[in-house]
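Scroll down for the structure; my scribbles are underneath it.
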């Protein structure tokens, strides 16, 4: 029996109520363990099958609570079930990771948690994409079409990734110092409000800064008419900011320690802060930065093992457990899959499965301006 | 005799492993960086090979790079002076203590190196942060009404560098002081000098090589750092190495990053050459031997 059938049988038992989620995860692990330890002719066959597979697959993600959720609910069970070790690393931005991939050898980096279609397009533009055999990932059928199509457009109708979750970069604020009314009234302009000078934060990422500069100057981020006004807004933010943060962990620390009262932030991280009891509220302004994340497979990777891992991670039970752990809604279509009680309460959740209420970055527009804007932001950031 | 005219190959054979290592670990990588600096970044973040002077023209003519470079040298310079002022008394104490187990004191100096530099840098967040130990103490002593904002400015960047570099300075000065003839100061005193005069006219001049070696190390290491301003700096507290990091990592502009790297290498290399010309590098070797 191959691994996929083994998972499916266990899942059938889980769905029929014979197993709890914890038992399901334990049995998947035990099945893999037993498979690996079985002696005799079956054992030899098993060894042959394992020998044809890679020893490990490398995955890189965003670290913190997201990595913890991936490790606990997806990688460990997968590892136990298949004998393939998932080695996970972290990065703080898609730019940083792309530099590592460029410096590495084909096959050194396999899967990563890409944020935004523009990142996917950049990697594909540099020739790092692959063509996935979607027949090996039947669970892709359960993912929202609205999330799959933008990726297909970039890679000629094919997929080099599985859409996995989505969220927004909205405004996070400490309710001890800033009221809901004030936040709703000022929106993105609060990030350039001198009233909070020295208590404002911001991600040191040029896209986010330009996006929020556009919002602060009442412009459409996907069609900016007055770029000078945007740079002025970014300078105003810089002059009022205490610190540009560089990772989700730093964002959470700055807010939790009350070093800053307001910043833009990632919806899932803010939800995690709220779950920890911090008085941090979240506000998605009009045209707030929506993004969709995918698990992208890079050129040179062991395709079959990666496809198997993607399919495993898209199993509703696994995807829901990961989503609850990382506090970002999964890519599963809520009109096809019952997402339970917790997911609908997460920030940015879309019950329609169309994501029509979110504004995403236009990949062609943003990548077309990437060279100039990222360089200019580097200067503006340093006081120019 | 024929055997007398045969060249002695022993030095070449003995030097070969070292030369090969230096070639592969230093010369070849630097050569690659030099070549890269003449390439161009493509629109998608790749490289266009060729011989283009664009990166060099930009780096050498744009005041942005010059300003950040001067700022970096200024911060490194201030840190070096502070290291000297704080490090000298510490080294003097270790060198002249009557404590039997001097090795233990030296071990304590080395102790910070056992902890990751990033962790050591981040520890200041827990000390000086709004919810940090220092603010807690001030509040407990009723000295302040609300937490002081102490982090994320140039002062904390210098503090972080000082924390990182001070042991290098202390060890270098210590080596100088420890190698001094112990009878010189008593001799100066017996000739009528005050303790302060003896220090200024005997001890300090003799320890200058160590001070200079420590200064060189602190300055070079401080000029090349990028983690400290990243962790402890505010929005505008970048140093030159941060520009290299951004060019390579954020902007995927490896050719420009290569040109910037070569500029920093040349400037710091010139400082080392000047030091070697006037003071000699042998003091540095002594400190690490």
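Protein chains in written order, with our numbering: chain D, 1 to 384; chain F, 1001 to 1289.
Quick reminder that beta carbons are idealized off the backbone N, C-alpha and C, glycines included.
Just so we're clear, the structure is a prediction, and the values are computed from it rather than from any experiment.
Three-state secondary structure (DSSP) at residue i?
{"i": "residue 1067(F)", "result": "helix"}
{"i": "residue 159(D)", "result": "coil"}
{"i": "residue 183(D)", "result": "helix"}
{"i": "residue 1279(F)", "result": "coil"}
{"i": "residue 297(D)", "result": "strand"}
{"i": "residue 1270(F)", "result": "helix"}
{"i": "residue 37(D)", "result": "Residue placement at residue 37(D) is flagged as unreliable, the pLDDT there being 37, under the threshold of 50; a coordinate-derived value is accordingly withheld."}
{"i": "residue 1190(F)", "result": "helix"}
{"i": "residue 164(D)", "result": "strand"}
{"i": "residue 234(D)", "result": "helix"}
{"i": "residue 1093(F)", "result": "helix"}
{"i": "residue 355(D)", "result": "coil"}
{"i": "residue 131(D)", "result": "coil"}
{"i": "residue 360(D)", "result": "strand"}
{"i": "residue 1251(F)", "result": "coil"}
{"i": "residue 104(D)", "result": "coil"}
{"i": "residue 282(D)", "result": "strand"}
{"i": "residue 1048(F)", "result": "strand"}
{"i": "residue 1240(F)", "result": "helix"}
{"i": "residue 386(D)", "result": "Outside the shown range of chain D (1 to 384) lies residue 386(D), about which nothing can therefore be said."}
{"i": "residue 46(D)", "result": "Unreliable placement is indicated for residue 46(D), whose pLDDT of 38 sits below 50; no coordinate value is reported for it."}
{"i": "residue 203(D)", "result": "strand"}
{"i": "residue 27(D)", "result": "Residue placement at residue 27(D) is flagged as unreliable, the pLDDT there being 49, under the threshold of 50; the coordinate-derived value follows with that caveat. It is helical."}
{"i": "residue 136(D)", "result": "helix"}
{"i": "residue 1100(F)", "result": "coil"}
{"i": "residue 1041(F)", "result": "strand"}
{"i": "residue 228(D)", "result": "helix"}
{"i": "residue 1058(F)", "result": "helix"}
{"i": "residue 88(D)", "result": "strand"}
{"i": "residue 328(D)", "result": "coil"}
Is the beta carbon of residue j closer than 7 Å to that of residue i?
{"i": "residue 252(D)", "j": "residue 160(D)", "result": "no"}
{"i": "residue 119(D)", "j": "residue 155(D)", "result": "no"}
{"i": "residue 343(D)", "j": "residue 174(D)", "result": "no"}
{"i": "residue 1219(F)", "j": "residue 1072(F)", "result": "no"}
{"i": "residue 147(D)", "j": "residue 292(D)", "result": "yes"}
{"i": "residue 1157(F)", "j": "residue 1222(F)", "result": "no"}
{"i": "residue 107(D)", "j": "residue 300(D)", "result": "yes"}
{"i": "residue 172(D)", "j": "residue 265(D)", "result": "yes"}
{"i": "residue 332(D)", "j": "residue 348(D)", "result": "no"}
{"i": "residue 305(D)", "j": "residue 77(D)", "result": "no"}
{"i": "residue 385(D)", "j": "residue 325(D)", "result": "This structure cannot speak to residue 385(D), because chain D is shown only from 1 to 384."}
{"i": "residue 1214(F)", "j": "residue 1175(F)", "result": "no"}
{"i": "residue 139(D)", "j": "residue 314(D)", "result": "yes"}
{"i": "residue 282(D)", "j": "residue 170(D)", "result": "yes"}
{"i": "residue 202(D)", "j": "residue 241(D)", "result": "yes"}
{"i": "residue 384(D)", "j": "residue 1064(F)", "result": "yes"}
{"i": "residue 353(D)", "j": "residue 334(D)", "result": "yes"}
{"i": "residue 1260(F)", "j": "residue 1249(F)", "result": "no"}
I'd like to know if residue i contacts chain B, where contact means its C-beta is closer than 7 Å to some C-beta of that chain.
{"i": "residue 238(D)", "result": "Here chain B cannot be found, since the structure's protein chains are D and F."}
Check your understanding: Which residues, in chain order, does the stretch 1233-1252 of chain F contribute to contact with chain D at a C-beta distance below 7 Å?
Key -> Contact residues of the stretch 1233-1252 of chain F toward chain D are 1234, 1235, 1236, 1238, 1246, 1248, 1249, 1250, 1251 and 1252 (C-beta to C-beta distance below 7 Å).
Review point. When you check each C-beta in the stretch 1058-1079 of chain F against every C-beta of chain D, which residues fall closer than 8 Å?
Key: Of all residues in the stretch 1058-1079 of chain F, only 1064 and 1068 come within less than 8 Å of chain D when Cβ atoms are compared, listed by chain position.
Check your understanding: Between the stretch 89-106 of chain D and the stretch 62-72 of chain D, do three or more beta carbon pairs fall short of 8 Å?
Key -> yes
Exercise for review: Decide if the stretch 171-185 of chain D is in contact with the stretch 228-245 of chain D; the criterion is three or more beta carbon pairs, one per stretch, under 8 Å apart.
Suggested key: Touching, no, given that fewer than three Cβ pairs across the two stretches are closer than 8 Å.
Point to revise | Members of the stretch 86-99 of chain D near chain F, C-beta cut-off 8 Å | key: 93, 95, 96, 98 and 99
Point to revise | Short-range partners of chain D found in the stretch 1151-1172 of chain F, where Cβ spacing is below 8 Å | key: 1151 and 1152
Exercise for review: Evaluate contact between the stretch 252-264 of chain D and the stretch 189-202 of chain D, counting only Cβ atoms and requiring at least three cross-stretch pairs below 8 Å.
Suggested key: yes
Point to revise | Interface positions of the stretch 368-383 of chain D facing chain F (Cβ-Cβ less than 9 Å), listed along the chain | key: 368, 370, 371, 374, 375, 377, 378, 379, 381, 382 and 383
Exercise for review: Would you be able to state if there are at least three C-beta pairs under 8 Å between the stretch 356-374 of chain D and the stretch 221-238 of chain D?
Suggested key: yes
Point to revise | Any 3 or more C-beta pairs closer than 8 Å across the stretch 1038-1056 of chain F and the stretch 1129-1136 of chain F | key: no
Review point. At a cut of 8 Å, does the stretch 1162-1172 of chain F reach the stretch 1237-1257 of chain F through at least three beta carbon pairs?
Key: no
Practice item. With 7 Å as the C-beta to C-beta threshold (strictly closer), list the residues of the stretch 1106-1138 of chain F near chain D in chain order. Key: 1129, 1130 and 1131
Point to revise | the stretch 1019-1044 of chain F: positions lying closer than 8 Å to chain D by Cβ | key: 1041, 1043 and 1044
Practice item. Tell me the start and end of each unbroken beta strand (DSSP E) in the stretch 239-291 of chain D that is at least 3 residues and wholly inside, in chain order. Key: 241-245, 262-266 and 280-283
Exercise for review: Can you give me, in chain order, the residues of the stretch 241-271 of chain D that have a beta carbon less than 8 Å from any beta carbon in chain F?
Suggested key: Those would be 241, 242, 243, 244, 246, 253, 257, 258 and 259, in chain order.
Practice item. Decide if the stretch 1112-1119 of chain F is in contact with the stretch 206-214 of chain D; the criterion is three or more beta carbon pairs, one per stretch, under 8 Å apart. Key: In this structure the stretch 1112-1119 of chain F does not touch the stretch 206-214 of chain D; the number of beta carbon pairs closer than 8 Å is below three.
**Study point:** Contact the stretch 1038-1047 of chain F vs the stretch 1223-1232 of chain F: 3+ CB pairs below 8 Å
**Key:** no
Review point. Quick one, which residues of the stretch 120-150 of chain D are near chain F if we go by CB-CB under 8 Å, in chain order?
Key: Cβ contacts with chain F come from 122, 125 and 126.
**Study point:** Contact residues within the stretch 62-76 of chain D, judged by C-beta distance below 8 Å to chain F
**Key:** none
Practice item. Using a Cβ-Cβ cut-off of less than 8 Å, list which residues of the stretch 284-298 of chain D approach chain F; keep chain order. Key: none
Exercise for review: Please determine if the stretch 1019-1037 of chain F and the stretch 1252-1267 of chain F are in contact, where contact requires at least 3 C-beta pairs separated by less than 8 Å.
Suggested key: yes
Point to revise | Residues of the stretch 191-211 of chain D whose Cβ lies closer than 9 Å to any Cβ of chain F, in chain order | key: Against chain F - using a Cβ distance shorter than 9 Å - the residues of the stretch 191-211 of chain D are 198, 199, 202, 204, 205 and 206.
Practice item. Starting from the N-terminal side, write out each stretch of the alpha helix (DSSP H) that is 4 residues or longer and does not extend beyond the stretch 1150-1236 of chain F. Key: Within the stretch 1150-1236 of chain F, the complete alpha helix (DSSP H) runs of at least 4 residues are 1154-1178, 1184-1190, 1195-1198, 1204-1223 and 1227-1232.
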